[in-house]
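Working notes for the structure below.
Protein chains: 2
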Amino acid sequence: MADETSKRTLPATSWAVLGLLSFGEELSGYDLKKWSDRSLRFFYWSPSFSQIYSELKRLEKAGYTSSRMVAQETGTRDKRVYRITDAGMTAVREWAREAPVDPPVLKHGPMLRLWLGHLLEPEQMREVLGRHQEFAEQMRLHAVADAQSAQDEPAWAYPTLTLKWAERYYASERDLAAAMLDDIEALARARAERPADETLN
Amino acid sequence: MADETSKRTLPATSWAVLGLLSFGEELSGYDLKKWSDRSLRFFYWSPSFSQIYSELKRLEKAGYTSSRMVAQETGTRDKRVYRITDAGMTAVREWAREAPVDPPVLKHGPMLRLWLGHLLEPEQMREVLGRHQEFAEQMRLHAVADAQSAQDEPAWAYPTLTLKWAERYYASERDLAAAMLDDIEALARARAERPADETLN
DNA sequence: TGTTGCATGTAAAGAGTTACATGATTAC
DNA sequence: GTAATCATGTAACTCTTTACATGCAACA
């Protein structure tokens, strides 16, 4: 209920936040940001705090969540916790089952640089790829750690599968960088043998 | 020259468009969109026409490109073609060499769905992954085809390397989907043997 | 005393998309 | 005739981030 028309027009990020609540827990905006950083982040980027708060407002307006203030015994500022409603559960289930799946979007900063290899020194290309290997390995390790802390919770079975996917994804990213380092070496050797082609760089 | 302060603040998309021009060709906005679809798209999404036109305006204002109108002999509407200036070449080289590399950003629609597996039927998960496999394979084939049409052009050596990277990347995406299909089967079997855990779904 | 973590939110700006408008040419 | 391709651009809108504001508690 509440605003029926907004149902179809919610952006994917709203559904992601509602999805986080669909596991049944009562969470604050702050909690949601943390959960998001440990799950969504590996395959769907993590929204900023401010966006999470505005998504929560939108979801509540749509009747998909309800909230209440909780006084903190320890003395810190009171917090507002959110819970998914029946209408929200119905809506997110319907979205998950019926909405068209958005194609994956990749904005790969390191590749954008290497694509402009004619403007770089070979050493700079190696550095970009080396840093990317480290980044990918770090992400892989975080995915492993987060998957471990969720294991054996039946409710988290599918999130755990996506973390497993992420672990393999970042392992592949790391290996793809290594393969490209080899390709760059091969290209540099070929150019050294036949240096007539130096039209650019 | 022109607005020195805008140099550092240009968004990555501006640099991507300027990068497209850094290979030396004189191109129209329409051409740039096509080039973008055959290269950037595989690792950095392709901006819309309207954004390309506004980026070109911004780049010209910054003094990084110059343009001229060209009358079409065949009778179609006149077009405006853009060329990179010396200042633009200097700026894009400096950006490529010195600006911090943005970390890769992934928004993986199919994984967002599967992460909400508790809201889906197993059949729907298989369908999402099956479609994703097809998507990945199509992207891989496009990357192969585009790499082939650029081969042996020494100026396109690095773009060709990134297309090679893309070919492997999409092959990996395809294989990762297959691995996840197996994981889902294994999970379904485990649940069938021990159906006590049906707390959700 | 200063930093980190918890906790929530507003305001402003920028990035990027979709829809729309226009109009000629070519191929079916 | 009508669909597709070439070709450029504006307007409105949405998404998303950054910077800022506020304030307590624990810890070093």
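Residue numbers (my numbering), protein chains in the order written: chain A, 1 to 201; chain B, 1001 to 1201. Backbone N, C-alpha and C define an ideal beta-carbon position, used for all residues, glycine too.
- Message: Can you give me the C-alpha to C-alpha distance between residue 1040 of chain B and residue 99 of chain A, rounded to a whole angstrom?
- Response: 28 Å
- Integer-rounded CB distance, given that residue 1106 of chain B should sit under 8 Å from residue 96 of chain A: The pair is not a contact, with the Cβ atoms about 20 Å apart (cut-off 8 Å).
- Query: When the Cα atoms are used, what is the spatial distance from residue 169 of chain A to residue 1079 of chain B?
  - Reply: One C-alpha to the other measures close to 43 Å.
- With 9 Å as the limit, tell me which residues of the segment 11–37 of chain A have their beta carbon closer than that to any beta carbon of chain B; keep them in chain order. 12, 15, 16, 19, 22, 23 and 24
- Could you please give the first and the last residue of the uninterrupted beta strand (DSSP E) stretch that includes residue 1085 of chain B? For residue 1085 of chain B, there is no enclosing beta strand (DSSP E), as DSSP marks it with neither H nor E.
- Item | Proximity below 7 Å, CB of residue 1059 of chain B to CB of residue 1112 of chain B | no
- Item | Residue interval of the beta strand (DSSP E) (run including residue 120 of chain A) | First-last for residue 120 of chain A: undefined, no H or E at that position.
- Message: Against chain B, with Cβ distances strictly below 7 Å, would residue 156 of chain A count as a contact?
- Response: No, residue 156 of chain A does not count as interfacial toward chain B.
- Item | Burial state of residue 146 of chain A, where buried means 16 or more other Cβ atoms lie within 10 Å | buried
- So with Cβ pairs under 7 Å, would you call residue 90 of chain A a contact of chain B? Closer than 7 Å: no.
- For residue 22 of chain A: DSSP bridge partner residues: Its beta-bridge partners do not exist; DSSP assigns none.
- Residues within the segment 107–122 of chain A neighbouring chain B, beta-carbon criterion of under 8 Å: 107, 108, 109, 110, 111, 112, 113, 114, 115, 116, 117, 118, 119, 120 and 121
- Does the Cβ of residue 135 of chain A have 16 or more other Cβ atoms within 10 Å, making it buried, or fewer, making it exposed? The residue in question, residue 135 of chain A, is buried, as its Cβ has 16 or more Cβ neighbours within 10 Å.
- Query: Using the beta-carbon count (16 or more within 10 Å), is residue 1133 of chain B buried or exposed?
  - Reply: buried
- Query: Mapping DSSP to helix, strand and coil, what is residue 65 of chain A?
  - Reply: Residue 65 of chain A falls in the strand class under three-state DSSP.
- Query: Terminal residues of the continuous beta strand (DSSP E) containing residue 1106 of chain B?
  - Reply: 1105–1107
- Query: Taking Cβ positions only, does residue 1152 of chain B come closer than 7 Å to chain A?
  - Reply: no
- Message: Output needed for residue 1001 of chain B: all residues of its chain with C-beta closer than 7 Å, excluding positions within five of it in sequence on either side, in chain order.
- Response: Its pLDDT being 40, under 50, residue 1001 of chain B is placed unreliably in this model, and the value from its coordinates should be taken loosely. Only 1063 and 1087 meet the Cβ criterion.
- Could you check how far apart the C-beta atoms of residue 47 of chain A and residue 13 of chain A are, in whole angstroms? I think they sit under 8 Å. 6 Å
- Message: Pull the bridge partners of residue 27 of chain A from the DSSP assignment, please.
- Response: A/82
- Proximity of residue 42 of chain A and residue 155 of chain A at Cβ, strictly below 7 Å: no
- Looking only at DSSP bridge pairs, what is residue 70 of chain A linked to? Beta-bridge annotation (DSSP): residue 70 of chain A is paired with A/79.
- Residue span of the alpha helix (DSSP H) that contains residue 1178 of chain B, given as start and end: Residue 1178 of chain B -> alpha helix (DSSP H) spans 1157–1193.
- Query: Is residue 152 of chain A buried or exposed, if buried means 16 or more other CB atoms sit within 10 Å of its CB?
  - Reply: exposed
- Item | Neighbouring residues, chain B, relative to residue 124 of chain A (Cβ below 7 Å) | 1097
- Query: Taking 7 Å as the CB-CB cut-off, is residue 144 of chain A touching chain B?
  - Reply: no
- Query: Mapping DSSP to helix, strand and coil, what is residue 1102 of chain B?
  - Reply: coil
- Using alpha carbons as the reference points, say which of B/1071, B/1070, B/1027 and B/1038 lies closest to residue 1053 of chain B. B/1027
- Item | Start-to-end residues for the alpha helix (DSSP H) that takes in residue 41 of chain A | 41–44
- Query: Can you find a C-beta in chain A that's less than 7 Å from the C-beta of residue 1049 of chain B?
  - Reply: no
- Item | Residues from the segment 158–173 of chain A in contact with chain B, defined by Cβ distance under 7 Å | 158, 159, 161, 162, 164, 165, 168, 169 and 172
- Can you grab the Cα-Cα spacing for the pair residue 45 of chain A / residue 1131 of chain B, in whole Å? 22 Å
- With a CB to CB cut of under 7 Å and the five nearest residues on each side skipped, what residues in its chain are close to residue 117 of chain A? Spatial neighbours of residue 117 of chain A in its own chain (CB-CB distance under 7 Å, excluding positions within 5 residues in sequence) are listed in chain order as 125.
- Specify the secondary structure class of residue 1048 of chain B as computed by DSSP and reduced to three states. In the structure shown, residue 1048 of chain B sits in coil (DSSP, three-state: anything other than H, G, I, E or B).
- Length of the line joining the Cα atoms of residue 148 of chain A and residue 1176 of chain B: 20 Å
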